[in-house]
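Here the sequence shown stands for residues 1 to 132, where the numbers follow the working numbering. We put the CB at the ideal spot given by N, CA and C, even for glycine. First the structure, in the form of structure tokens, and then the observations on it.
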Amino acid sequence: MNRPGEWVEGSFTVEAACIMAMVLLSLSVMIRQAGYMRDETVGMISLHEAVEKGRHEKGLDLDGAASAVEGYMGNPMTFSEYKIGLSQRGIRVSGKGQGGRWSYEIQGKRFRPEMFLRKITLIEGLGEEDGN
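Listed below in structure tokens is the structure:
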């Protein structure tokens, strides 16, 4: 312990400055990585939402749906901007999202509730025949 008025050795000050620099550098790297993960997650969730809207809503303008989702994604922390594009080929709806180094693509078949209801009716009918 130092008494009041005594000086601390110079090497201790230099070591403390080096440690402080490493701590601040590691904190800044972690904050940047958290921002990147946030941007990536927001991009994937928004892309998935746009594709699901395209799959479920009949007569939906896919370009309008993509731009609407881009509009409320918020400001990216590390990406320069988000870009979402939707397209349809036959019964498949595809979506591609990009931002910075991140790129993601998903696709799904257009939702057909009548097919789902037919399958459920068939399964219920089979269950009644078995008596279970």
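Residue range of the beta strand (DSSP E) that residue i falls in?
i	result
residue 105	102–109
Look at the Cβ atom of residue i, then the Cβ atom of residue j, and state whether they are nearer than 7 Å.
i	j	result
residue 104	residue 44	yes
residue 111	residue 48	no
residue 54	residue 86	yes
residue 73	residue 42	yes
residue 109	residue 89	no
residue 34	residue 84	no
residue 95	residue 106	yes
residue 78	residue 39	yes
From the DSSP output, which residues share a beta bridge with residue i?
i	result
residue 98	83 and 103
residue 14	Note: residue 14 sits in no beta bridge, so no partner.
residue 93	88 and 108
So what's residue i in DSSP terms, helix, strand or just coil?
i	result
residue 113	helix
residue 5	coil
#### Entry: Contained alpha helix (DSSP H) runs [length at least 4] in the stretch 37–91, N- to C-terminal order
62–71
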